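Trainee: Last residue of the sequence shown: number 311 in the working numbering, and the count goes up by one each step with no gaps. Sharing a structure below in structure tokens format, with a few things to ask.
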Amino acid sequence: MAKEQLHIVNSDDLSQKIKILKIEGEHIIWREMLNEGPTTKDIDSVKFIQQRKDFLKKYYAISAKDYENNFVEEIKKFKRLENYTEIILWFEFDLFCHINMIAALHLINKYKPTIPVYLVCSKALPNEKKHQPLSVLKLPQLKEHYKHRINLNANDQELAVLIWKLYCEKNPVKLKPEIKRKSNFEYLSSCIRAHIERFPHYKTGLNSAETNILKLVAKNTIKNRKQLLGYALEYQGYYGYTEIQMQRIIEKLDIFFHESENKIQLTEEGNAVINKTKNFYRTLKDDMQFGGVGKYDFLYNAQTHNLMKL
């Protein structure tokens, strides 16, 4: 008897490619960005859904109706996991996707903890120079990644559930010891490090991703904001921010650069950030949350790689 597969996929485009490859099975499309905004552990609870609706409307003008249609209706399918004999996760190497992935694993553990789970993750396969996002791979490459899917054992799934729990709590310091944990998640340690660096630097009040944008302005000839957005998306490392998320970040950094007719340059404030001579914590502080904790509730020390609670 053929196995009834369930594919949990990180985008509509990738879902369509999987169907073109004639890989059989039902699809859940994970249309969320849990790397930003408040979260609670119980993803399909009324509290969680309302928090996400409020956040996405305030920060990204996403309506409650769209959220219901695009995400809530999809996660209702987790209640039917008894219909399947194995699950295939399709997620990228970055923090954006890893937070979504561990949330999905939490739901799997809630509804059918004994089901076999496999992961298809963007990584360099033999004869490939570097990893590319799954959604941009050519069909033969994507099929090859599927053939090399990773079996997530009980320890892997237990770790994912723990990371999700800690992400939803108020103390991100608890995540740091998990960086050293061995697992089949090749990029999880790098994603946890990237998350810890999202808290403001204690000397400047800007985090790693924000400072990186200013460094791109300082080091490159960038003509306009559209080009800056392209640079910021291309050179963001493990964050995986989407275009609308990166646009919001750039808009928030408005005081640190100015635009002339043909060039974006750092302001005096921008140079102060690069040189670590002034702190803009109070200027930038808002109510952004990363899971269970406020972004501005902790400060990051780049020398010690530790977080300090305010």
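Note that beta-carbon positions come from the ideal geometry of N, C-alpha and C, so glycine has one too. Quick caveat: nothing in here was measured; it's all calculated off a predicted structure.
On the DSSP bridge assignment, give the partners of TYR188 in chain order.
Mentor: Answer is none; TYR188 lacks a bridge partner.
Trainee: Out of curiosity, what's the CA-to-CA distance linking PHE291 and TYR68?
Mentor: Cα-Cα distance, rounded: 19 Å.
Trainee: I need the DSSP call for HIS8, collapsed to helix, strand or coil.
Mentor: Looking at HIS8 - three-state DSSP - the assignment turns out to be strand.
Trainee: Run the CB neighbour count on HIS149, radius 10 Å, all protein chains shown included, and call it buried at 16 or more, exposed below.
Mentor: Exposed is the call here.
Trainee: Tell me, please, which residues DSSP counts as bridged to VAL73.
Mentor: In the DSSP output, where bridge partners are listed per residue, VAL73 has none listed.
Trainee: Between LEU176 and the rest of its own chain, which residues show a CB-CB distance below 6 Å, the 5 nearest in sequence each way excluded?
Mentor: Same-chain partners within the cutoff: LEU167 and ILE193.
Trainee: Here's the rule: buried if 16 or more other CB atoms are within 10 angstroms of the residue's CB, otherwise exposed. What is ILE197?
Mentor: The residue is buried, with at least 16 neighbouring Cβ atoms inside 10 Å.
Trainee: In three-state DSSP terms, what is CYS169?
Mentor: Coil at CYS169, not helix or strand.
Trainee: Thinking C-alpha only, which one of SER12, LEU285, PRO178 and MET309 is nearest TRP338?
Mentor: The displayed coordinates of the chain run from 2 to 311. Any statement about residue 338 would go beyond what the structure contains.
Trainee: What whole-angstrom Cβ distance do LYS54 and ALA65 have, given they're in contact under 8 Å?
Mentor: Indeed, because the Cβ distance is near 5 Å, the residues count as touching under 8 Å.
Trainee: Locate the alpha helix (DSSP H) running through LEU230, then write down its first and last residues.
Mentor: Element bounds for LEU230: 226-235.
Trainee: State yes or no: is the C-beta of LEU229 within less than 7 Å of the C-beta of ILE180?
Mentor: No, the pair does not count as a contact, with Cβ atoms beyond the cut-off.
Trainee: With a threshold of 16 other CB atoms inside 10 Å of the CB of ARG283, please say whether the residue is buried or exposed.
Mentor: Label assigned to ARG283: exposed.
Trainee: Does the beta carbon of LYS80 come closer than 7 Å to any beta carbon on chain C?
Mentor: Structure shown: chain C not included; a single protein chain is present.
Trainee: TYR301 and LEU308: beta carbons closer than 7 Å?
Mentor: In this structure, LEU308 lies closer than 7 Å to TYR301 by Cβ.
Trainee: Is LEU7 closer than 7 Å to TYR85 when the C-beta atoms are compared?
Mentor: Cβ atoms of TYR85 and LEU7: closer than 7 Å.
Trainee: What does the Cβ neighbour count give for GLN246, buried or exposed, with the cut at 16 atoms within 10 Å?
Mentor: So GLN246 counts as buried.
Trainee: Can you find the residues in the same chain that come closer than 7 Å, C-beta to C-beta, to ASN276, ignoring five residues on each side of it along the sequence?
Mentor: Excluding positions up to five away in sequence, the list is empty.
Trainee: Starting from the Cα of LEU285, find the closest Cα among GLY38, ASN208 and LEU189 and give me that residue.
Mentor: Among GLY38, ASN208 and LEU189, the Cα nearest to that of LEU285 is on ASN208.
Trainee: Counting only the same chain and skipping the five closest in sequence on each side, list residues whose C-beta sits under 7 Å from that of ALA195.
Mentor: Taken in chain order, the residues that qualify are LEU96, GLY238, TYR239 and TYR240.
Trainee: My output table needs one value for ALA3: the three-state DSSP class, helix, strand or coil.
Mentor: A caution first: ALA3 carries a pLDDT of 46, below 50, which makes its placement in the model too unreliable to give a value.
Trainee: Please name the residue or residues paired with PHE92 in a DSSP beta bridge.
Mentor: Partner(s): CYS122.
Trainee: In whole angstroms, what is the alpha-carbon distance linking MET2 and ILE63?
Mentor: The pLDDT assigned to MET2 is 38, lower than 50, so where the model puts this residue is not dependable; a value taken from the coordinates is nonetheless given after this. Roughly 43 Å between the two C-alpha positions.
Trainee: Should THR115 be labelled buried (16 or more other beta-carbon atoms within 10 Å of its own) or exposed?
Mentor: Exposed is the call here.
Trainee: Which of the three DSSP states is assigned to TYR147 in this structure?
Mentor: Note: TYR147 maps to helix in three-state DSSP.
Trainee: Which residue wins for smallest C-alpha separation from ILE24, given the options LEU140, HIS259 and ARG81?
Mentor: Nearest C-alpha to ILE24: LEU140.
Trainee: Just to confirm my understanding: we take ILE29, look at its own chain, exclude 5 residues before and 5 after, and list those with CB closer than 6 Å. What are they?
Mentor: The residues are ILE9, GLU75 and LYS78.
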